[in-house]
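Those protein sequence lines, which keep their order, are chains A and B.
Residues in the first sequence are numbered consecutively from 32, following the numbering used here.
Residues in the second sequence are numbered consecutively from 32, following the numbering used here.
All residues carry an ideal CB built from backbone N, CA and C; glycine is no exception.
Okay, structure first, notes after.
Number of protein chains: 2
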Amino acid sequence: MSTSSAPPAKPPMREALVAAAFQLFMERGYEQTTVDDIVALAEVGRRSFFRYFPSKEDVVFPDHEGCLADMTAFLAAGDGGGEPVRRVCDAARLVLRMYAENPAFSVQRYRLTRRVPGLRAYELSVVWRYERALAAYLRGRFAGRTDGILRADVIAAAVVAAHNNALRSWLRSDGEGDAETAVDHALGCVRAAFAEAPARSGPSPFPPGPPRPDDVLVLVARRDAPLWQVVRQFETARGESS
Amino acid sequence: MSTSSAPPAKPPMREALVAAAFQLFMERGYEQTTVDDIVALAEVGRRSFFRYFPSKEDVVFPDHEGCLADMTAFLAAGDGGGEPVRRVCDAARLVLRMYAENPAFSVQRYRLTRRVPGLRAYELSVVWRYERALAAYLRGRFAGRTDGILRADVIAAAVVAAHNNALRSWLRSDGEGDAETAVDHALGCVRAAFAEAPARSGPSPFPPGPPRPDDVLVLVARRDAPLWQVVRQFETARGESS
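What follows is the structure in structure tokens.
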């Protein structure tokens, strides 16, 4: 469900540059702050800045490259079993976790990004890279299937949209409330729309016999119940955590 | 289903600028072409260029603003009846039509956009604006519903992803083949995942009370049944077509 390895320790200089940059962005505005201003406040040289960040925009999103790498590794580490849509939902949660680790910083950046069109554009390109990472995984899982590529692209987009819907609500609420629960709920809706049977690794040697009584769940649902509610009810009944 | 009004006649100067720009982009490359080069070839002044295009990037996508306006008008013209997902799929088809009107130009631009990162970023921001237009319409249609905003955002993203999957396949095939059929198929898959009963025109005069026996569905499912099977069982039981 999650990568449990501790993140590598960050060089203090990198953190100092991020802190200096955000202090100046808040005081003067993003456009009015130069890289020279940032390195002066952080008391490091220009070359140190560009060792960590290719451009001023990159210092606004210091953790996305690492998170993209974590996501790619998480997806690559999958054993190819398991439900593919569940797997990409779990991968998307890595992004949420990055934001939730530091709510004050995330909220500050969210406000900054709203105000600066260039940062919005940067953010769109980052979101696009997450989406392509999820789509690439799903394309692999759906390889050889009719419409596999289409399905992969659509599900990746839906997962990203659901994740970002919940993430943005949380950011707009100034990081109050339970982001994880909101994201779980949003991703649950996508899973309800797209989830499917886990791929078998070869034909089952033991075809299922008739169900025993305790293998069966009985669900009672209103006819007009939303699909996600039925899915949750089923998952709760069989004792899965969402 | 489609806007039937003829497009307004474009000023010849605007077309001349686009033609000159693309001739130079192909001959010298995008980065090596300046606005001065373009206006010299088109035999117009710099101010004429900037009257039509805010920047060099904009001349690469001369029809998107018009298409966004058409899409917004098309969605606004809806009577609020009809199936919302179908409506946004029809709106997305306006984009395809713009590309299919001029396959040679569209293919040329697609190749250019692959090569120039700045144009990729521009394209992402255009795609984002289409997606927000669709989402805004759906948010209106789903207003007051539980998870209405979430549902709107996810469906808009899925529609855009499906449309672009088919569009890109067509562009990669150099504009050969039937783009409309491919897009229809792709959008059909999204509708299958998300379509719902047509919304009522006006509030229901009979608010739902406690469920009557036939308002309730009873499902019996194996504990190890895959999620999709339970979803399908529920949908079948309440008489939905997939």
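- Apart from sequence neighbours up to five positions away, the residues of its chain that approach Val75 of chain B with a beta-carbon distance below 8 Å are Met44, Ala47 and Leu48, ordered along the chain.
- Scanning the region 133-213 of chain B for uninterrupted alpha helix (DSSP H) segments of 4 residues or longer gives 134-146, 148-172 and 179-203, listed from N- to C-terminal end.
- Judged by their CB atoms, Leu125 of chain A and Glu211 of chain A are not nearer to each other than the 8 Å cut-off.
- Interface criterion not met: the Cβ of Asn133 of chain A is under 8 Å from no Cβ in chain B.
- Not a single CB atom of chain B sits nearer than 8 Å to the CB of Val119 of chain A.
- Within the model, the alpha-carbon separation for Cys220 of chain B versus Val119 of chain A is close to 20 Å.
- Straight-line measurement puts the Cα of Leu218 of chain B at about 19 Å from the Cα of Arg170 of chain B.
- DSSP, reduced to helix, strand and coil, places Pro115 of chain B within a helical segment of the structure shown.
- At the C-beta level, Ala183 of chain A and Ala164 of chain A stay beyond 8 Å of one another.
- Sequence-distant Cβ neighbours of Lys87 of chain B in its own chain, meaning closer than 6 Å and more than five residues away, are Val66.
- The region 78-93 of chain B makes no contact with the region 174-188 of chain B; the number of CB pairs closer than 8 Å stays below 3.
- Within the same chain, Asp94 and Cys98 come within 7 Å of Met129 of chain A by CB-CB distance, once the 5 residues on both sides are set aside.
- In chain order, Leu202, Asp205 and Gly206 place their CB closer than 7 Å to the CB of Val138 of chain A, counting only its own chain and leaving out the 5 sequence neighbours on each side.
- Interface annotation for the region 191-211 of chain B against chain A: Val191, Ala192, Ala193, Asn195, Asn196 and Ala197, criterion Cβ-Cβ distance under 8 Å.
- Apart from the 5 residues on each side of it in sequence, Ala51 of chain A sits with its Cβ closer than 6 Å to the Cβ of Ile69, Leu72 and Ala73 in its chain, given in chain order.
- One thing to note: Leu150 of chain B has its Cβ no nearer than 8 Å to the Cβ of Ser156 of chain A.
- In this chain, the alpha helix (DSSP H) harbouring Pro43 of chain B covers Pro43 to Arg59.
- For Ala197 of chain B, the closest alpha carbon among the candidates A:Ala107, A:Gly179 and A:Leu55 is that of A:Gly179.
- The Cβ atoms of Tyr161 of chain B and Val191 of chain B sit closer than 8 Å to each other.
- If you ignore the 5 residues before and after Tyr153 of chain A, its C-beta comes within less than 6 Å of the C-beta of Glu88, all in its own chain and listed in chain order.
- The residue from A:Thr103, A:Ala100, A:Arg140 and A:Pro85 with its alpha-carbon nearest to that of Phe56 of chain A is A:Arg140.
- Secondary structure note for Glu96 of chain B: its alpha helix (DSSP H) is the uninterrupted segment His95 to Ala107.
- None of the residues of the region 78-96 of chain A has a beta carbon lying less than 7 Å from any beta carbon of chain B.
- Judged by DSSP secondary structure, Ser79 of chain A falls within the alpha helix (DSSP H) whose first and last residues are Arg77 to Tyr83.
- With at least 16 other beta carbons inside 10 angstroms of its own, Arg222 of chain A counts as buried.
- For Asp184 of chain B, the residues of chain A that pass the 7 Å Cβ criterion are Ala192 and Asn196, in the order they occur in the chain.
- The C-beta of Leu181 of chain A comes closer than 8 Å to at least one C-beta of chain B.
- Using beta-carbon distances, Ser156 of chain B counts as an interface residue toward chain A, with a partner under 8 Å.
- Not flagged as an interface residue toward chain A: Asp67 of chain B, since no C-beta distance is shorter than 8 Å.
- Non-local C-beta neighbours of Ala189 of chain B in its own chain, meaning closer than 8 Å and more than five positions away in sequence, comprise Val221, Ala224 and Phe225, ordered along the chain.
- Sixteen is the threshold: since fewer than 16 other Cβ atoms of the shown chains lie within 10 Å of the Cβ of Asn133 of chain A, the residue is exposed.
- At the C-beta level, Ala122 of chain A and Leu143 of chain A stay beyond 8 Å of one another.
- Secondary structure of Ala226 of chain B (DSSP, three-state): coil.
- Closest option to Asn195 of chain B, judged by alpha-carbon separation, among B:Gly60, B:Pro148 and B:Val214: B:Val214.
- Interface residue (Cβ-Cβ distance to chain B less than 8 Å): Asp215 of chain A is not classified as such.
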